[in-house]
Structure formats: structure tokens, C-alpha cells
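First up is the structure itself, then whatever we jot down about it.
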Amino acid sequence: MEIFFGIAIFLLGLIIGSFLNVCICRLPKRISIVASRSACPACGTTLKPRDLVPVLSYLFLGGRCRYCKAKISLQYPLVEALTGALYLLLYVRFGLVWPLPVYLALVSLLIVISVIDISHMEIPDGLVIAGLVVGGAQLTASIFTPYFGAWYSYVIGFFAGGLPLLLIALFCTYALKKDAIGGGDIKLMAFCGLVIGRKLVITAYLIGIVAGAIFGLLLMALSKRKGSDAIPFGPFLSLGVVLSLFFGDVLIDWYLGLLV
Ligand SMILES: [Zn+2]
Numbered sequence: 004m005e006i007f008f009g010i011a012i013f014l015l016g017l018i019i020g021s022f023l024n025v026c027i028c029r030l031p032k033r034i035s036i037v038a039s040r041s042a043c044p045a046c047g048t049t050l051k052p053r054d055l056v057p058v059l060s061y062l063f064l065g066g067r068c069r070y071c072k073a074k075i076s077l078q079y080p081l082v083e084a085l086t087g088a089l090y091l092l093l094y095v096r097f098g099l100v101w102p103l104p105v106y107l108a109l110v111s112l113l114i115v116i117s118v119i120d121i122s123h124m125e126i127p128d129g130l131v132i133a134g135l136v137v138g139g140a141q142l143t144a145s146i147f148t149p150y151f152g153a154w155y156s157y158v159i160g161f162f163a164g165g166l167p168l169l170l171i172a173l174f175c176t177y178a179l180k181k182d183a184i185g186g187g188d189i190k191l192m193a194f195c196g197l198v199i200g201r202k203l204v205i206t207a208y209l210i211g212i213v214a215g216a217i218f219g220l221l222l223m224a225l226s227k228r229k230g231s232d233a234i235p236f237g238p239f240l241s242l243g244v245v246l247s248l249f250f251g252d253v254l255i256d257w258y259l260g261l262l263v
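Residue numbers (the numbering used here): 4 to 263.
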């Protein structure tokens, strides 16, 4: 039975991943995500269901449009496979209980945010609002179920997520006269803190900052970029949030173990 649910959740992830691709392509262009059928961006042919099977259509068609043979971006199968894999892993980690739907929604949002941030260097406000809705659901659940710990842990998480980046941003803007932190990153960590609570948002920060710093140093070492060039921070913060869903508790226990 567990294997059955695992497969079902993996397939659900693939299908949702396909929808996330639609959001990634349309949200930055302010096009409705439900209004029209998917079409090939090169030739404009409306795609049929057999062209839209997650991952498999891409593999079967050899990464090219069935109608005009234009190359299809690798982003499509990657986002679908990543969503399916994360859905399955979250199910394995948490089982079929409450935080699962909230975490599935959160991870979906973070995938869309990360890809849009990489390609457009911005985080659309609509996605932030969706994140606040997910956080509101978590907060409401925590009021009614003791399993989640105190409700104020999530309220504190909201501020613990948003305030550090806000303070750094204010410092950079007024003291250094430089806009180093995007407003989107601040809002991202605020709603993530509301969803995952005060403890995990701190490990998310640590992982995100370390991952971003390592990546930045690698890029500089490979001299592809100079230190002053902006790197989107959203994907690293998102990575930190996702990893702390899986390993945050273990990290905190390990760290507290060092102190005793
Ligand atoms: Zn085409």
C-alpha cells in the first residue's frame, strides 16, 4: 500500500511539475496560467495531450517539437522530474499526514520561484501571496493541532525569515549606497518562515548562505564572473528551505549535541 501511495505521489509530482512549467513560462510575461492551451513557443502549434506527457514526451521526441523540430528547453523535463522526485521524497520523509500537503505546495512554489529568479532575476509578487496562503494554512493547523508545536513558532518564523535580510538590505542601501538584496528574497524568506517555523528557517538560512557563498566562490575561481556581478539568491535560499525540511531537525540536534 505504501508503494502504491509512493507511485501515486510521484506521478502527481510529474503532473504538477508540468503545470509548474506553464507557470514558469507565463507568470513573468503576465499571461494567464489557465486561459489557453500550451503551444510550441517556436511554431505556435497547439500541443496535444500526447505531446504533454511529463518527461516521457521529451524523451520520446528526442527533445524536439513534433511539428517544427525546434529544440525544446531541457527546463521542461528537469522541472517535471525534480517535482516528481521531491514529492516522493517528502512522502517518504513525512508520510501521509498533515504537513505533507503544505510541504508539497511549498516545494512547488520554490521550484517556480527559483527558475524564474534564475532567468529573470525577480520573484513575482503573486507567488509571494501564494506562499502566504500556504503559510496561513500551516498557522491555522498549528492552532488546532498540538503536533505542530506552538502557533507563535510560525509567527516568529515569519519575522525570523524576513527581518535579517530586510536589515541587511536597509544597511546596504543607506550605508553602502548599494542594492545588494532584492525585495523578493526578503518576502521569500518571510513566507517560508511562516510555513516551516522559527527553528527550520534558521537552518534554511545557514544552508542557503553557505551554498550561495560556495557557488559564488566557484564562479569567481572559474573567473566567469566578477565579484560585483549579481547572482540570484532565491534559488540558494530555496535550496536551504528544502534541505532543512529534510535535515533541519538532524542539524539542530547535532549542533545542540556539540554544546552539551
Ligand atoms: Zn514547434
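Backbone N, C-alpha and C fix where the C-beta goes; we use that ideal spot for every residue, glycine too.
- By the beta-carbon neighbour count (other beta carbons within 10 angstroms, threshold 16), Val-137 is buried.
- Bridge partners of Arg-67 according to DSSP: Lys-74.
- Sorted by position in the chain, Cys-43, Ala-45, Cys-46, Thr-48, Cys-68, Tyr-70, Cys-71, Ala-73 make up the residues whose C-beta lies under 7 Å from a heavy atom of ligand 1.
- The way I'd put it, the region 52–63 doesn't touch the region 109–119; fewer than three beta-carbon pairs between them come closer than 8 Å.
- Exclusion of the five residues before and after Asp-128 leaves no residue of its chain whose Cβ lies closer than 6 Å to its Cβ.
- Put simply, the backbone Cα of Pro-104 is about 12 Å away from that of Gly-16.
- No residue range can be given for Arg-40, since it is assigned to no alpha helix (DSSP H) and is classified by DSSP as neither H nor E.
- If you look at Ala-172, you'll find it in the alpha helix (DSSP H) that goes 155–177.
- Straight through space, the alpha carbons of Ser-241 and Leu-92 are spaced by roughly 16 Å.
- Straight-line spacing of the CA atoms in Pro-235 and Arg-40 works out to 31 Å.
- In the three-state reduction of the DSSP assignment, Thr-48 falls in the coil class.
- Across the set Thr-143, Thr-48, Phe-151, the C-alpha of Thr-48 shows the shortest separation from the C-alpha of Tyr-70.
- For Ile-146, same chain residues with a beta-carbon under 8 Å away, outside a window of 5 residues either side, are Trp-154 in chain order.
- Here Gly-160 is not near Ile-189, since their CB atoms are 9 Å or more apart.
- Spanning the alpha carbons of Ile-255 and Phe-194 requires a straight line of approximately 21 Å.
- Between Thr-148 and the set Leu-222, Phe-249, Pro-102, the nearest pair of CA atoms involves Pro-102.
- The three-state secondary structure of Trp-257, taken from DSSP, is helix.
- Gly-134: member of the alpha helix (DSSP H) spanning 128–147, first to last residue.
- In the three-state DSSP reduction, Arg-201 falls in the helix class (H, G or I).
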